[in-house]
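K.L.:
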Amino acid sequence: MTSPLTPRQRNRSRHVLNAATGLLTAATVASVGIASGLAASATKDSQDAKRAAKAQAAEAAASAAAAEPVRAQRPTKTIVTTKVVAGASRSGTASVGGGTVRSSSSSTSTRASTKPAVTKPVKVVVPSTGS
Amino acid sequence: MTTAALPRTPEDAEPGAAPARRWGALGTYVHLQTAGGERLDEAAELGAAVLVEVDRTCSRFRPDSDLMRANARPGEWTEVSPVLLGAVRVALEAAEATDGVVDPTLGHHLLTAGYDRTFALLSESSTDPAAVPIPPARDRWRQVEVRQDALRLPIGAYLDLGATGKAYAADLVATSIVARLGVAVVVSVGGDVRAAAPAELPPYRRPAWPVGIAHTAGALDDGPDEVLDLVEGGLATSSTAARRWVRGGREWHHLIDPRTGEPARGPWRTVTAVGHTAAAANTASTAAIVLGVQAAAWLSAHGVAARLVDHDDQVTTTPGWPGADGRAKEETP
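Chains A and B supply the protein sequences, listed in that same order.
Reminder that position 87 of the first sequence reads as 78 in my numbering, one-by-one numbering, no gaps.
Reminder that position 259 of the second sequence reads as 695 in my numbering, one-by-one numbering, no gaps.
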């Protein structure tokens, strides 16, 4: 049977326990700090690497863009042929002058009407254009 | 970007009028008729497809358009569609024909004035500030380079084909229909009108298309100011009465004077001109608005038949306009 601790012995034990707990807490805090620091460092490294990769990609894209014209996705079917475009934009297309108008044949025209011959008014139909 | 001359719609016309097709494209209306209604459905389908291609390549409001790709790369060659190259050639020719009065490189000025989206989406009255316009570099359009499959813009230039783009589209639709379907046709793209017929059709068999003229497309609902028969070529109306907006406490419109960088402030509200193509007609009508007091003399000197309406509704016509007596004259409404 052990004899009960004296008050002085109890105090000494409590001090030892407190000291040990303090040391343990400090060690834990330190280790968490170290771990956090390592993690932050790893994140920073990763961000730096990403930034560098992005910069490299942008630089590569810029130099590629400078090297050759941007290629466009073309529709598989061209509605307007090059020949028609050439006809509509040939030299002289926008040079002013020309054309023929006259007073409306419905009022003062002297020329025989060549208005399209049709029979009756029709309802306007609106085709879909996608715009 | 101009409006107002258009073939009368069937509802406006007397019984017996031609059947027509009408739809929306390029931020405006399209009106199409063929002689006697022949192959009209096919013509409308083809015309709509052509305009989709024009929109895809030439629009300033589509970031993926060929035009915007070229605008994003000044100083560099950009491969673009032949459709855009044609539009740019026409725009540069319009600049040449008007000594730079119709300048396609003023896109920055329209942007700073707030015209940064299709007009249907533009707020008519915004309190957002507008940048103070500065006179653009004169003759920058001369530095735009075009080769067989690519385009290169000078540094600082920003192409906007609004002045001649719709007229070119009307020419393209009309010539496509004639080439593909072999029928006489008239098409109006936002008031830029083009009549065309197969070359083999003798002149006496070519239709004369009645065209109503007003300040804006909406005004046509109240009846046109005048009706003409367009026999051949193009007819276009440019007006400061349409496409107006308020920004930064100032009123703006889309016709920029390249000499000042600001909207044209001349005496003319609406000018209608005739040309051998819609692009030629539009070049003349746009130049007249910008030239202001010099317009009637300039039009007469260049042999352009035109009708000019000032802000007080006074009408002036040049020789060649039906009813004009061989010299520019004024009419009182």
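Using N, Cα and C, we set each Cβ at its ideal position, and we do this for glycine too.
All values reported here derive from a predicted model rather than from experimental measurement.
(1) For the stretch 37 to 48 of chain A, list every residue whose C-beta sits within 9 Å of some C-beta in chain B, in sequence order.
(2) From E529/B, A586/B and G472/B, pick the residue whose C-alpha is nearest to that of R505/B; which is it?
(3) With 9 Å as the limit, tell me which residues of the stretch 694 to 710 of chain B have their beta carbon closer than that to any beta carbon of chain A; keep them in chain order.
(4) Quick one: Cα of A47/A to Cα of A40/A, how far?
(5) In whole angstroms, give me the CA-to-CA distance for H544/B and A650/B.
(6) What residues from chain A crowd round R525/B, counting only those whose CB sits closer than 9 Å?
(7) Using the rule of at least 16 other Cβ atoms within 10 Å of the residue's Cβ for burial, across every protein chain shown, is P565/B buried or exposed?
(8) Could you work out which residues of chain A lie near H738/B, taking near to mean beta carbons separated by less than 8 Å?
(9) Report the option in D491/B, W459/B, V466/B and P455/B whose CA atom is closest to the CA atom of L476/B.
(10) Could you tell me which residues DSSP pairs with S86/A in its beta bridges?
(11) Would you say T713/B lies against chain A (beta-carbon separation less than 8 Å)?
(12) P510/B to W577/B, Cα distance in whole Å?
(13) Note down the Cα distance separating P774/B from W757/B, rounded to an integer number of angstroms.
(14) Residues in its own chain within less than 6 Å of W734/B by CB, not counting five upstream and five downstream?
(15) Give the residues of chain A in contact with T673/B, contact being defined as C-beta atoms less than 8 Å apart.
(16) Taking only beta-carbon atoms, is A530/B less than 8 Å away from chain A?
(17) So within the stretch 565 to 645 of chain B, which uninterrupted beta strand (DSSP E) runs reach at least 3 residues, ignoring any that extend past its ends?
(18) On the three-state DSSP scale, how would you describe Q750/B?
(19) Which residues in the same chain as A605/B place their Cβ atom closer than 7 Å to its Cβ, once the five residues preceding and following it in sequence are excluded?
(20) Could you work out which residue in R457/B, P590/B, H712/B and R492/B is closest to V507/B when comparing CA atoms only?
(21) Beta-carbon separation of R630/B and D607/B under 8 Å?
(22) Helix, strand or coil: which one does DSSP assign to W734/B?
(23) State yes or no: is the beta carbon of T91/A nearer than 8 Å to at least one beta carbon in chain B?
(24) Can you pull the chain A neighbours of Y604/B, defined as C-beta to C-beta under 9 Å?
(25) Which bits of chain A does A716/B rub up against, with CB to CB less than 9 Å?
(26) Pull up the DSSP beta-bridge partners for P699/B, would you.
(27) In this structure, what does DSSP give as the bridge partners for W806/B?
(28) List, in chain order, every chain A residue whose beta-carbon is nearer than 7 Å to that of P518/B.
(29) To the nearest angstrom, report how far apart D746/B and F497/B are at their CA atoms.
(30) Would you call N718/B buried or exposed, if buried means 16 or more other Cβ atoms sit within 10 Å of its Cβ?
(31) Terminal residues of the continuous beta strand (DSSP E) containing L403/B?
(32) Measure the C-alpha to C-alpha separation of D575/B and V619/B and round it to an integer number of angstroms.
(33) Between A479/B and L666/B, how many whole angstroms is the CB-CB distance? I'm expecting something under 8 Å.
(34) When the distance is taken between beta carbons, is T611/B closer than 8 Å to V526/B?
(35) Whole-angstrom Cβ separation of E529/B and A85/A, contact assumed at under 8 Å?
(36) Can you check whether the C-beta of L597/B is within less than 8 Å of a C-beta belonging to chain A?
P.N.:
Per the coordinate set shown:
(1) none
(2) Numbered from its first residue, the second sequence carries residue 505/B at position 69. Selected option, being the one with the closest Cα: A586/B.
(3) A709 and V710
(4) Within the first sequence, the letter at position 56 stands for residue 47/A. Within the first sequence, the letter at position 49 stands for residue 40/A. A small correction: the amino acid at residue 47/A is Gln; Ala does not occupy that position in the sequence shown. C-alpha separation (whole angstroms): 10 Å.
(5) For this step, residue 544/B is matched to residue 108 along the second sequence. For this step, residue 650/B is matched to residue 214 along the second sequence. For H544/B and A650/B, the distance between alpha carbons rounds to 30 Å.
(6) Residue mapping note: residue 525/B aligns to position 89 of the second sequence, counting from 1. Correct list: S80, R81, S82, T84 and A85.
(7) One-based indexing of the second sequence puts residue 565/B at position 129. Per-residue confidence for P565/B stands at a pLDDT of 49, beneath the threshold of 50, marking its modelled position as unreliable; the derived number appears in the next sentence. Result: exposed.
(8) Translated into the one-based positions of the second sequence, residue 738/B becomes position 302. By Cβ distance, chain A contributes V87 and G88.
(9) Position 40 of the second sequence, counted from the start, is the residue given in the question as residue 476/B. The shortest Cα separation from L476/B among D491/B, W459/B, V466/B and P455/B belongs to P455/B.
(10) In the first sequence, residue 86/A corresponds to position 95, counting from 1. Answer is none; S86/A lacks a bridge partner.
(11) For the purposes of this step, residue 713/B is identified with residue 277 of the second sequence, where counting begins at 1. Yes, T713/B counts as interfacial toward chain A.
(12) Counting from one through the second sequence, the residue named residue 510/B turns up at place 74. Counting from one through the second sequence, the residue named residue 577/B turns up at place 141. Rounded to the nearest angstrom, the two C-alpha atoms are 13 Å apart.
(13) Nothing can be reported for residue 774/B, as the shown portion of chain B is limited to 437 through 769.
(14) Position 298 of the second sequence, counted from the start, is the residue given in the question as residue 734/B. The answer, listed in chain order, is L727.
(15) By one-based count along the second sequence, residue 673/B stands at place 237. None at all; the shortest Cβ gap to chain A is about 13 Å.
(16) Residue 530/B sits at position 94 when you count from the first residue of the second sequence. Chain A contact via Cβ: present.
(17) 586 to 588, 621 to 625 and 628 to 632
(18) Counted from its first residue, the second sequence places residue 750/B at position 314. Correct three-state label for Q750/B: coil.
(19) Here the question's residue 605/B lines up with position 169 in the second sequence. Around A605/B: L462, L487, V490 and V625.
(20) Taking the first residue of the second sequence as 1, we reach residue 507/B at position 71. The residue you asked about is not Val; residue 507/B is Asn in the sequence shown. Answer by Cα proximity: P590/B.
(21) Translated into positions along the second sequence, residue 630/B becomes position 194. Translated into positions along the second sequence, residue 607/B becomes position 171. Yes. Within cutoff.
(22) Taking the second sequence and counting its residues from 1, the one referred to as residue 734/B is at position 298. DSSP places W734/B in helix when its eight states are reduced to three.
(23) For this step, residue 91/A is matched to residue 100 along the first sequence. Judged by the 8 Å Cβ criterion, T91/A is in contact with chain B.
(24) Within the second sequence, numbered from 1, the residue matching residue 604/B stands at position 168. What Y604/B touches in chain A: A79, S80, T84 and A85.
(25) Within the second sequence, numbered from 1, the residue matching residue 716/B stands at position 280. Within 9 Å Cβ-Cβ: G83, T84, A85, S86, V87, G88, G89 and G90.
(26) The residue labelled residue 699/B in the question sits at position 263 within the second sequence. Paired residues: I692/B.
(27) Since the first and last residues shown for chain B are 437 and 769, residue 806/B lies out of range.
(28) Within the second sequence, residue 518/B is the residue found at index 82, counting from 1. Under the 7 Å cutoff, chain A gives T73 and V76.
(29) Sequence index remark: in the second sequence, residue 746/B carries index 310 (1-based). Sequence index remark: in the second sequence, residue 497/B carries index 61 (1-based). Their Cα atoms are separated by approximately 31 Å.
(30) The residue labelled residue 718/B in the question sits at position 282 within the second sequence. Classification of N718/B: buried, given that the 10 Å Cβ count is 16 or more.
(31) Since the first residue of chain B shown is 437 and the last is 769, residue 403/B is not available in this structure.
(32) Counting from one through the second sequence, the residue named residue 575/B turns up at place 139. Counting from one through the second sequence, the residue named residue 619/B turns up at place 183. The straight-line gap from Cα to Cα measures roughly 40 Å.
(33) Along the second sequence, read from residue 1 onward, the residue named residue 479/B stands at position 43. Along the second sequence, read from residue 1 onward, the residue named residue 666/B stands at position 230. That belief does not hold up - the Cβ atoms of A479/B and L666/B are roughly 17 Å apart, past 8 Å.
(34) For this step, residue 526/B is matched to residue 90 along the second sequence. For this step, residue 611/B is matched to residue 175 along the second sequence. Against a cut-off of 8 Å, the Cβ pair of T611/B and V526/B comes out as no contact.
(35) The residue labelled residue 529/B in the question sits at position 93 within the second sequence. The residue labelled residue 85/A in the question sits at position 94 within the first sequence. Confirmed, about 4 Å.
(36) Within the second sequence, numbered from 1, the residue matching residue 597/B stands at position 161. It does not: the Cβ of L597/B has no partner Cβ on chain A nearer than 8 Å.
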